[in-house]
Amino acid sequence: MATSAASDTEEAARSILIVDDVSANLQVITGQLEARGYVVLVARSGQEAIERVAFAHPDLILLDVVMPGMDGFETCRRLKQNEASCDIPVIFMTALTATDDKIEGFRVGAVDYVTKPLNTEEVVARVTTHLALCALRRQLAAQNRQLREEIASRGQLHAALQRSNAQLEQLAYVASHDMQEPLRMVASYLQLVAQRYGSRLDADGLEFIGYAVDGAKRMQALINDLLAFSRLSTKTRPFEPIAIAQIVATAEFQLQMAIKDSGASITKGELPTVLGDSTQLLQLFQNLVGNAIKFRGDAAPRVHVAAQASEEGWLFSVSDNGIGIAPAYFEHIFVLFKRLHGRKDYAGTGIGLALCKSIVEGHGGRIWVESSPGRGSIFRFTLPRVKAPT
Ligand code: ADP
């Protein structure tokens, strides 16, 4: 590690400024450093050092403490005050006994010191180490900068995505809302034509009107489902305690025609109270129970709604004895508009389970299915538990 860092440094940072008014002890060190590939610059005073640093920008400075005029401490202080030179590591050269000098050296910003008379090997070792550290620090700073830039640009991207999602949701809401009225007109006037003028139309004419009414009704169902879906994000309400038994009873009431027609029996376990949005939770249970009835096999549907406490909160299940689903489609069916059957077999828009998924996730839970073809299905989902008042 130290070796590779040192060699990185030797490639990237190679100039060293030695500041000393006495040239006698510098020759050996200069020679050793040059032998290791460093470029060595020399300054004879603090003032000269500051001037040289301004244009040469060395990678490390070896600075003598005692010099006529500006001493080493003052030189170091000025270098550290200057933005262009403040990050250049400074190593002081002090007398062996001068403890105060060493402390003062660190105080004014030095990274290390070497004692005089200088030991060449020690100086070279310290220079190499500090250059390596400095290179690592710069590398880290560059990585940090890059990370900060990435985070900032991701933040901008996220905000732009959120804006465009919100606009799309608004658009879906407005479009489906505004389409409701003209569509209602088309459907009701077609029905009126069939009623008033049906006797004057031949069989083909009546059949065509039948198709048109059917198309308009399907479009209405699609628009209603789309509206419900876009309302999830455009019309949010604060959560409140909701008794799920009540919600399931309302869902049963809304589905009474389908229950009666299919001879379905719906049973329920003990159901808890959760924090949520009552409209959304009704949509959730109505869709799941509605599907359990709709995707029935030959036998009359038997649907069971239950809940139990689990580590994730409440674990709900809506199980049926219907046609079941092959494992390959377990994820697929929760995607918007994905259906496993043509509308001739089972009517629908393919929005129901996508809506359920959004509702459950919006309430802080997750939803999945367990099933196999011909053996019924169990839709399971979790919802957080209401904290008991303390
Ligand atoms: P839709 O009911 O409008 O088709 P959904 O999003 O509610 O749309 O369901 C997607 C598909 O998942 C359905 O078309 C059906 O193939 C399958 N599915 C949903 N619920 C059941 C169920 N209880 N039993 C069998 N298949 C189901």
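The opening position of the sequence shown corresponds to residue 1198 in my numbering, with each subsequent residue numbered one higher. Built from N, CA and C at the ideal position, the CB exists for glycine as well. The structure presented is a predicted model; accordingly, all values stated were derived computationally and were not measured.
First through last residue of the beta strand (DSSP E) which encompasses Pro1438: 1437-1440
Closer than 6 Å: Arg1499 CB and nearest the ligand ADP heavy atom: no
Whole-angstrom C-beta distance between Gly1302 and Glu1271, which should lie under 8 Å: About 12 Å; that fails the 8 Å criterion.
Element boundaries [alpha helix (DSSP H), containing Leu1354]: 1317-1394
Residue range of the beta strand (DSSP E) that includes Glu1567: 1564-1568
Supposed contact pair Ala1448 and Gln1483 - C-beta distance, whole angstroms, cut 8 Å: 4 Å
Exposure of Ser1361, with buried meaning 16 or more beta-carbon neighbours within 10 Å: exposed
Distance cut-off 6 Å: Leu1423 Cβ against heavy atoms of the ligand ADP: no
Unbroken beta strand (DSSP E) run spanning Phe1578, endpoints: 1574-1580
From Val1287, Ala1295, Thr1291, Asp1298, residue whose alpha carbon lies closest to that of Gly1306: Val1287
Ser1574 Cβ short of 6 Å to the ligand ADP heavy atom set: yes
Opening and closing residue of the alpha helix (DSSP H) in which Lys1541 lies: Segment: none, Lys1541 is in no alpha helix (DSSP H) and carries neither H nor E.
Option in Gln1453, Ala1363, Val1383 with minimal Cα separation from Gln1417: Val1383
In DSSP terms, what Lys1313 is bridged to: Ala1292
Local conformation of Val1216 per DSSP, three classes: strand
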